[in-house]
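What follows is a set of notes on a single structure, which appears directly below.
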Amino acid sequence: MTTSVRATTTGTSPASTTPPDPVRRSTVPRWIARFRAFGWTVAGLALAATVWSLVVASGQFPRELFPSVPEILRAGYDLAAEGLLAEDVVASLRRAFAGFGFGAVAGIAAAVVTANTAAGRKLLQPVLRLLSPIPTIGLVPLAILWFGLGESSKTLVIALGVFVPVWINSHAGLASTPADYLRAARCLGAGRWQTLTRIVLPEATPDIVSGLRVGAAMAFVLIVVAEMTGTTAGLGYRIYQAQLFSQADRLIACLIVLGVIGALCDLVIASSTAPVTRWARKEQ
Numbered sequence: 009m010t011t012s013v014r015a016t017t018t019g020t021s022p023a024s025t026t027p028p029d030p031v032r033r034s035t036v037p038r039w040i041a042r043f044r045a046f047g048w049t050v051a052g053l054a055l056a057a058t059v060w061s062l063v064v065a066s067g068q069f070p071r072e073l074f075p076s077v078p079e080i081l082r083a084g085y086d087l088a089a090e091g092l093l094a095e096d097v098v099a100s101l102r103r104a105f106a107g108f109g110f111g112a113v114a115g116i117a118a119a120v121v122t123a124n125t126a127a128g129r130k131l132l133q134p135v136l137r138l139l140s141p142i143p144t145i146g147l148v149p150l151a152i153l154w155f156g157l158g159e160s161s162k163t164l165v166i167a168l169g170v171f172v173p174v175w176i177n178s179h180a181g182l183a184s185t186p187a188d189y190l191r192a193a194r195c196l197g198a199g200r201w202q203t204l205t206r207i208v209l210p211e212a213t214p215d216i217v218s219g220l221r222v223g224a225a226m227a228f229v230l231i232v233v234a235e236m237t238g239t240t241a242g243l244g245y246r247i248y249q250a251q252l253f254s255q256a257d258r259l260i261a262c263l264i265v266l267g268v269i270g271a272l273c274d275l276v277i278a279s280s281t282a283p284v285t286r287w288a289r290k291e292q
């Protein structure tokens, strides 16, 4: 007589005790992902050019003030062939980088003071909050009055415009360090400088990078205003000259070049700071 023995289970099966699989990450190679992003960018630009061409073809606007895409491209080519475009780009980049450097350093330094010291919170922070709503463009006459029409006034205007967003974002990041981190650092015997450099600054890095990216965009916005007076080269100067002589095609071509340069600078900042902000993206 054959007897069958049945195994009794008192609990969960071995398969059920297996921990859940981690979230699967995309296995698409990085170069393919970048190619896709580039393709979407090209598609967006093509869509914008198509919409622009349809508006021009509608005849609702004068062709002198609303040039077609080929006319804009031809104007940009003429500027490059005359050697003016390269000279303007170099002059504008020099001024934008100088103003951005001064404004970024000053903004981060001021944020460290206002977020981590009692004197900074009580004395400096109210003054900066009072001055931050003042439009930087309104300070152009004052900068010219103080420093004349030379390079110093243009650098000052751009630096002030960069300072505000860098300070606001950096202060928000530095002031929002979790209290548990600070208490743990004190319990482990970390000094004030170690706490700042090992905990506060790394925790605030994503906010600081965001401020730098906004500040870079602001630098290229203000370069147009800064170069409208007292210059003979620069994209802002070229845009102003095109407006005076009703050369809409050249004006739009210079604006496109300015936008491309600004987008590339933003991409450089994002790419160069990615290694120190990757942890923030993983937490999201």
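Each number in this note's numbering corresponds to the 1-based position in the sequence shown with 8 added. Where is the CB? At the ideal position from N, CA and C, for every residue including glycine.
- Here the region 224 to 234 lies against the region 143 to 159, with 3 or more beta-carbon pairs under 8 Å apart.
- Rounded to whole angstroms, the Cβ separation of V170 and G223 is 4 Å, and the two are in contact under 8 Å.
- In the pairwise beta carbon analysis, the region 195 to 206 is classified as not touching the region 130 to 146: fewer than three pairs are separated by under 8 Å.
- Restricted to the region 172 to 204, the alpha helix (DSSP H) segments that are unbroken, complete and at least 4 residues in length are 187 to 195 and 200 to 203, listed in chain order.
- Counting the other Cβ atoms within 10 Å of the Cβ of R200 gives fewer than 16, which makes it exposed.
- Taking C-beta atoms as the reference points, I216 and G238 fail to come closer than 8 Å.
- Here T163 is buried: its Cβ has 16 or more other Cβ atoms, across all protein chains shown, within 10 Å.
- 8 Å or more divides the Cβ of A227 from the Cβ of S178.
- When only Cα atoms are considered, L101 and V265 end up about 12 Å apart.
- By the Cβ rule, the region 252 to 259 counts as touching the region 58 to 78, because three or more pairs are nearer than 8 Å.
- Burial of C273 is indicated by the presence of at least 16 other C-beta atoms within 10 angstroms of its C-beta.
- Assignment of alpha helix (DSSP H) within the region 194 to 282, counting only whole runs of 4 or more residues, yields 200 to 203, 209 to 234 and 243 to 252 in chain order.
- Taken atom to atom, the span from the alpha-carbon of S61 to that of I80 is near 11 Å.
- A Cβ-Cβ separation of about 6 Å places I166 in contact with A104 under the 8 Å criterion.
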